[in-house]
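Right, one structure below, let's go through it.
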Amino acid sequence: TPRAAEKRQADREWSEAIHARGACEIHGATCRGALEAAHGFSRRYAATRHDLRNGFLICAEAHRFYTEHPRHWTVWVVGRLGRSLYEELRLKAQATGVALSESGEA
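Read left to right, the sequence shown gives residues 35 to 140 (the numbering used here).
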């Protein structure tokens, strides 16, 4: 559908902008893994999905670790953004709630 195509294009542009940062934001120059664009707040929150402030360039190893340890991820994101911006993005994300996927699932 045209709407799904627009969403995929926005996802690509967001990912490219995050990848332009160039280095793992967790391990810096010492990181040798594949780099991935990660969302501070889940991409399922439509309001913050494409907000560049909600994106971080991290290595696959860190992405896997923090996916498995969400409390550690929250601590890292708060430390990275600061409490004020973290709360601003949290409220923005939660204002619209979790968007449904193309299949209708949350």
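Beta carbons: idealized from backbone N, C-alpha and C, even for Gly.
At which residues does the alpha helix (DSSP H) containing residue i begin and terminate?
i	result
G89	Looking at the DSSP string, G89 is not in any alpha helix (DSSP H); the run it does join, the beta strand (DSSP E), is 89-93.
A71	Counting along the chain, A71 falls outside any alpha helix (DSSP H), though it belongs to the beta strand (DSSP E) covering 69-73.
Y120	117-130
What residues in its chain sit with their C-beta under 7 Å from that of residue i, if we drop five residues either side in the sequence?
i	result
A81	K126, A127, A129, T130
What distance in whole Å lies between the Cβ atoms of residue j and residue i, which are believed to be in contact at a cut-off of 8 Å?
i	j	result
A71	L91	6 Å
L123	F75	6 Å
Taking the alpha-carbon of residue i as reference, which of the options has the nearest alpha-carbon?
i	options	result
A56	G89, A38, R78, T108	The residue you asked about is not Ala; residue 56 is Gly in the sequence shown. Ranking the options by Cα distance to G56, first place goes to G89.
G62	D45, C93, W107, R105	C93
L115	T101, I60, R37, H97	I60
Given residue i, which residues of its chain have a CB within under 6 Å of its CB, disregarding the five upstream and five downstream residues?
i	result
A96	I60
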